[in-house]
DNA sequence: GAGCACTGC
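Residue numbers (our numbering): 2 to 771.
Following this line, the structure appears as structure tokens:
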């Protein structure tokens with residue numbers, strides 16, 4: 002008995018002590034006048050923080066945030082690893098030698114001086130400068146986060162980069178990945194209690210910030226590739242700018258590759274700037290004397306000309322999309338065959354490259370160029386025809402010639418009709434430079450721009466518009482609210498979006514009941530922000546227990562969060578469509594996808610070879626697996642927030658109706674009504690667009706009212722992934738949005754809804770009298 | 001009767 006209560010008391014005392022310590026750390030962190038106390042070498046229990054260092058570590062003599070490049074160099078050259086105390090491997094010294102050859106190495110002392118003097122630093126390093134791997138290590142040797150129970154974070158826009166850079170830096174520091182150096186990305190946290198340097202995606206840091214507004218785990222945050230201006234980077238920049246004033250102990254480094262560093266500098270209160278040259282080879286630029294009418298045709302001509310007359314070296318051609326790329330691949334291959342026959346040309350392998358290409362096919366671009374056809378024959382080369390993916394995400398060594406027609410598909414957002422769409426648009430000067438740079442990675446190269454020099458100078462914009470200016474911001478606004486940003490209008494973003502876009506987002510969130518009429522986050526909104534989903538999907542998922550089908554809605558939500566699960570090869574369209582028909586549900590595409598998922602899980606449960614099964618049924622195994630992965634993540638979040646996992650019995654006559662009603666709870670704003678008896682539908686309210694059902698839909702029954710997941714703007718306006726609904730449900734489930742009395746225009750839709758309302762009233766009255 | 005720039009949580 003006594004022992005029990007003792008334990009309890011001890012426990013609570015310990016809690017108090019640690020709470021006090023946390024409080025104290027917070028106080029110091031928050032109070033600029035206490036900043037000098039940061040170097041507190043004694044812990045509560047009297048032991049020294051430096052006891053956390055391995056015996057004999059040179060770090061013991063380091064004064065945090067006052068070290069020199071010389072000290073660091075000496076520590077790096079020691080026999081033992083200053084982090085682990087273990088002897089350095091021979092490999093370590095080889096890598097160290099190559100690290101010292103990087104351009105950034107020469108400026109370590111200068112960097113440290115600036116780092117010591119300033120809270121925020123802008124760092125510009127072109128490709129090949131070594132900034133991504135070296136700067137975080139320089140910081141680590143000066144910051145010594147292990148003595149302070151903190152971490153250094155370095156963000157990346159892409160997962161692969163976070164993973165591969167972390168591995169590289171772990172090797173450079175001679176430590177195991179996941180121990181001192183780790184990474185954190187969606188679905189995978191490879192960090193541990195010893196981690197002092199963490200590479201992570203920018204989106205991941207943003208997620209963390211939602212629960213820790215002070216970002217208190219970090220003593221230094223490095224935003225890498227800031228010039229890419231992803232949504233997450235832009236928000237992080239604004240948050241960190243704000244946070245810097247409340248946390249004087251927090252250091253911030255913004256790293257960028259382009260020369261518009263002044264913009265970053267100005268934004269961060271004239272922060273000091275350090276620029277390091279890159280290491281690339283010169284690239285000669287050629288322009289066309291006159292504008293080209295057909296850029297694809299011009300591109301093919303240019304590639305063939307290079308192949309016929311330029312010395313050895315691979316070619317990279319930038320085009321805009323899958324179809325264009327596949328088509329051009331075929332045309333070029335055919336032409337090359339002719340050239341070999343007629344002109345004794347060397348062989349050329351042509352590879353397509355785009356995001357939705359399966360990974361093993363993407364890998365092919367790294368195959369070596371083909372050998373000459375005969376001994377002493379002309380050398381072979383490869384030609385890669387790629388989307389923008391080769392501009393930033395993928396680097397291919399050996400490219401000597403770049404062909405740049407000057408276009409790419411870009412996302413644009415029209416707040417008037419609330420539609421995001423892809424549009425082939427002219428690239429920016431910065432993009433053009435980036436593309437040209439791809440020719441000079443291994444030796445001097447050439448870039449052929451299929452536009453005039455005048456067009457380059459006068460028509461191309463300097464930088465691609467940041468993502469935040471091209472997106473629907475409903476999700477972003479919800480995140481910001483959750484991040485504790487009260488005043489959105491005065492939130493200091495580097496490029497503030499159009500007020501109309503902001504208004505649209507607020508309005509959408511208000512209809513979804515994520516924000517109240519005062520614009521404050523509701524309980525539903527707070528919960529919705531916890532899910533890595535668009536607000537409509539999150540609201541649908543959270544509401545689904547009310548419709549007794551959260552289990553099914555969870556599956557549907559996951560399926561909607563991954564790329565298309567149906568595969569339709571160009572030469573097997575009929576077979577693919579027949580297979581899809583096996584899963585068809587007459588009431589719509591959402592239910593058809595659910596059928597597929599159930600069949601997939603069934604095959605898995607029976608122990609079948611699911612990869613084979615997917616192949617036979619023209620389904621994407623990769624995307625179904627990934628939906629399953631998402632489902633697990635979402636289910637966990639549901640559990641933490643006590644969103645019940647329930648389902649209606651499959652044999653219940655309401656099984657499918659319940660699911661369709663739950664869809665309405667999230668997507669009541671994405672509804673279209675058929676006009677007359679034709680094929681044209683019209684979307685609701687101010688959206689008010691004439692649309693057609695996308696040809697891929699399974700919907701055959703003539704539904705007058707449909708709900709859709711996606712609005713696609715191509716040659717025509719389509720709605721894709723469509724399910725039939727009843728108008729009664731709209732009035733029932735979304736009465737505020739479908740309040741006819743506050744509805745302008747669309748008299749026919751209003752009249753129809755009025756009729757439905759009457760019918761519902763009559764039915765209710767009849768029920769009451771019975 | 002058509003498509004899917006890219007990324008991220």
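For glycine and all other residues, C-beta sits at the position ideal for the given N, C-alpha and C.
Quick caveat, the model's predicted, so the values are computed rather than measured.
Check your understanding: In terms of DSSP beta bridges, what is residue 88 paired with?
Key -> Against the first chain, residue 88 aligns to sequence position 87. DSSP, once it has assigned bridges, lists 81 as partnering residue 88.
Check your understanding: By DSSP, does residue 614 sit in helix, in strand, or in coil?
Key -> As a position in the first chain, residue 614 is number 613, starting the count at 1. Three-state DSSP puts residue 614 in a helix.
Practice item. Using the Cα positions of residue 762 and residue 706, report the straight-line distance between them to the nearest angstrom. Key: Walking along the first chain from the start, residue 762 turns up at place 761. Walking along the first chain from the start, residue 706 turns up at place 705. Rounded to the nearest angstrom, the two C-alpha atoms are 20 Å apart.
Exercise for review: Counting only runs of 3+ residues fully inside the stretch 701-768, write out the beta strand (DSSP E) ranges in chain order.
Suggested key: 706-714 and 718-725
Check your understanding: In or out: residue 570 buried (at least 16 other Cβ within 10 Å) or exposed?
Key -> For this step, residue 570 is matched to residue 569 along the first chain. It counts as exposed.
Point to revise | Extent of the continuous alpha helix (DSSP H) run through residue 527 | key: Here residue 527 is taken as the residue at index 526 of the first chain, counted from 1. That run of the alpha helix (DSSP H) goes 524-529.
Review point. Using DSSP with H/G/I as helix, E/B as strand and the rest coil, what is residue 516?
Key: On the first chain, residue 516 is found 515 positions in, with the first residue counted as 1. Note: residue 516 maps to strand in three-state DSSP.
Point to revise | residue 569 Cβ short of 8 Å to the ligand FMN heavy atom set | key: Among the components of this structure there are no ligands whatsoever, and the ligand FMN is therefore not found.
Exercise for review: Go ahead and label residue 681 buried or exposed: buried means 16 or more other beta carbons lie within 10 angstroms of its beta carbon, across all protein chains shown.
Suggested key: By 1-based counting over the first chain, the position of residue 681 is 680. With fewer than 16 Cβ atoms within 10 Å of its Cβ, residue 681 is classed as exposed.
Review point. By Cβ distance, which residues of its chain are closer than 7 Å to residue 34, with the 5 residues on each side in sequence left out?
Key: Locating residue 34 in the first chain gives position 33, counting from the first residue. Residue placement at residue 34 cannot be trusted, given a pLDDT of 37 that sits under 50; what the coordinates show is reported in the next sentence. Cβ within range, chain order: n/a, list empty.
Exercise for review: Tell me whether the beta-carbon of residue 186 lies closer than 9 Å to the beta-carbon of residue 205.
Suggested key: As a first step, residue 186 must be located in the first chain, where it is residue number 185. As a first step, residue 205 must be located in the first chain, where it is residue number 204. It is a contact, given that the beta carbons lie within the stated cut-off.
**Study point:** 8 Å contact criterion, which residue 414 and residue 502 should meet: CB distance rounded
**Key:** Here residue 414 refers to the residue found at position 413 of the first chain. Here residue 502 refers to the residue found at position 501 of the first chain. Residue 414 to residue 502, Cβ: 7 Å. Contact.
Exercise for review: Classify residue 726 as buried or exposed, calling it buried when 16 or more other Cβ atoms lie within 10 Å of its own Cβ.
Suggested key: Your numbering for residue 726 matches position 725 in the first chain. Counting Cβ neighbours within 10 Å, residue 726 comes out buried, since at least 16 surround it.
**Study point:** Residue from 457, 477, 467 and 398 whose Cα sits closest to the Cα of residue 442
**Key:** The sequence position of residue 442 within the first chain is 441, counting from 1. The candidate whose alpha carbon is nearest that of residue 442 is 398.
Check your understanding: What three-state label does DSSP hand residue 191 in the structure shown?
Key -> As a first step, residue 191 is located in the first chain; it is residue number 190 there, counting from the start. Strand.
**Study point:** Range covered by the alpha helix (DSSP H) that runs through residue 69
**Key:** Residue numbering aside, residue 69 sits at position 68 when the first chain is read from its first letter. From DSSP, residue 69 is part of no alpha helix (DSSP H); its letter is neither H nor E.
Review point. With a cut-off of 8 Å, do at least 3 Cβ pairs link the stretch 150-157 to the stretch 276-294?
Key: no
Point to revise | Cβ distance (whole Å) where residue 198 is taken to contact residue 170 below 8 Å | key: The residue labelled residue 198 in the question sits at position 197 within the first chain. The residue labelled residue 170 in the question sits at position 169 within the first chain. At roughly 7 Å, the Cβ-Cβ gap stays under 8 Å, so residue 198 and residue 170 are in contact.
Practice item. Could you name each continuous alpha helix (DSSP H) segment of 4 residues or more that falls completely within the stretch 353-427, going from the start of the chain to the end? Key: 360-364 and 390-393
Exercise for review: Just the C-alpha distance for residue 48 and residue 138, rounded to the nearest angstrom, thanks.
Suggested key: Start at 1 with the first residue of the first chain, and residue 48 comes out as number 47. Start at 1 with the first residue of the first chain, and residue 138 comes out as number 137. Only weak support is given to the placement of residue 48: the predicted model assigns it a pLDDT of 47, under 50, and the value that follows is read from those uncertain coordinates. Whole-angstrom Cα-Cα distance: 27 Å.
**Study point:** Residue range of the unbroken beta strand (DSSP E) whose run includes residue 201
**Key:** On the first chain, residue 201 is found 200 positions in, with the first residue counted as 1. Counting along the chain, the beta strand (DSSP E) containing residue 201 begins and ends at 198-202.
Check your understanding: With distances taken between CB atoms, is the gap from residue 181 to residue 63 smaller than 9 Å?
Key -> Taking the first residue of the first chain as 1, we reach residue 181 at position 180. Taking the first residue of the first chain as 1, we reach residue 63 at position 62. Not closer than 9 Å, so no.
Check your understanding: DSSP puts residue 694 in a beta bridge; with which residues?
Key -> Translated into the one-based positions of the first chain, residue 694 becomes position 693. 720.
Review point. What is the DSSP secondary structure of residue 44, counted as helix, strand or coil?
Key: The residue you call residue 44 lines up with position 43 of the first chain. Reliability fails at residue 44, whose pLDDT of 47 lies under 50, so the model's placement of it is uncertain and the value that follows must be treated cautiously. Looking at residue 44 - three-state DSSP - the assignment turns out to be coil, as it is neither helix nor strand.
Exercise for review: Compare the Cα-Cα distances from residue 125 to each of 621, 262 and 207 and report the closest residue.
Suggested key: As a first step, residue 125 is located in the first chain; it is residue number 124 there, counting from the start. Among 621, 262 and 207, the Cα nearest to that of residue 125 belongs to 262.
Review point. Can you list, in chain order, the stretches of the alpha helix (DSSP H) that have 4 or more residues and sit fully within the stretch 137-176?
Key: 160-173
**Study point:** Given residue 1 as reference, the closest of 564, 641, 678 and 699 once Cα atoms are compared
**Key:** The chain is shown only over 2 to 771; residue 1 falls outside these bounds and no answer can be derived.
Review point. Looking at residue 667 and residue 550, is the spacing between their C-beta atoms short of 9 Å?
Key: Residue numbering aside, residue 550 sits at position 549 when the first chain is read from its first letter. Residue numbering aside, residue 667 sits at position 666 when the first chain is read from its first letter. Not closer than 9 Å, so no.
Check your understanding: Ordered along the chain, which non-local residues of its own chain (more than five positions away) have a Cβ less than 8 Å from that of residue 514?
Key -> What you label residue 514 is simply residue 513 of the first chain in a count that begins at 1. If we look at residue 514 and ignore the five residues flanking it on each side, its Cβ neighbours are 523, 525, 526 and 540.
Check your understanding: Does the distance from the C-beta atom of residue 242 to that of residue 493 stay below 9 Å?
Key -> Sequence index remark: in the first chain, residue 242 carries index 241 (1-based). Sequence index remark: in the first chain, residue 493 carries index 492 (1-based). Taking 9 Å as the Cβ cut-off, residue 242 and residue 493 qualify as a contacting pair.
**Study point:** Helix, strand or coil at residue 661 according to DSSP, with G and I counted as helix
**Key:** In the first chain, the residue the question calls residue 661 occupies position 660. In this structure, residue 661 counts as helix in the three-state DSSP scheme.
Point to revise | Cβ-based burial, residue 342 [other Cβ within 10 Å; buried from 16] | key: Along the first chain, one-based indexing puts residue 342 at 341. Looking at its Cβ environment, which holds fewer than 16 other Cβ atoms inside 10 Å, residue 342 is exposed.
Practice item. Could you give the DSSP three-state label for residue 532: helix, strand or coil? Key: Taking the first chain and counting its residues from 1, one reaches residue 532 at position 531. In this structure, residue 532 counts as coil in the three-state DSSP scheme.
Practice item. For residue 350, name the three-state secondary structure that DSSP assigns. Key: Counting from one through the first chain, the residue named residue 350 turns up at place 349. Residue 350: strand per DSSP, three-state reduction.
Review point. Would you call residue 483 buried or exposed, if buried means 16 or more other Cβ atoms sit within 10 Å of its Cβ?
Key: To locate residue 483, count along the first chain from 1; it is residue 482. Classification for residue 483: buried.
Check your understanding: Between which two residues does the alpha helix (DSSP H) containing residue 326 stretch?
Key -> Stepping through the first chain from its first residue, residue 326 is reached at position 325. Start and end: 323-344.
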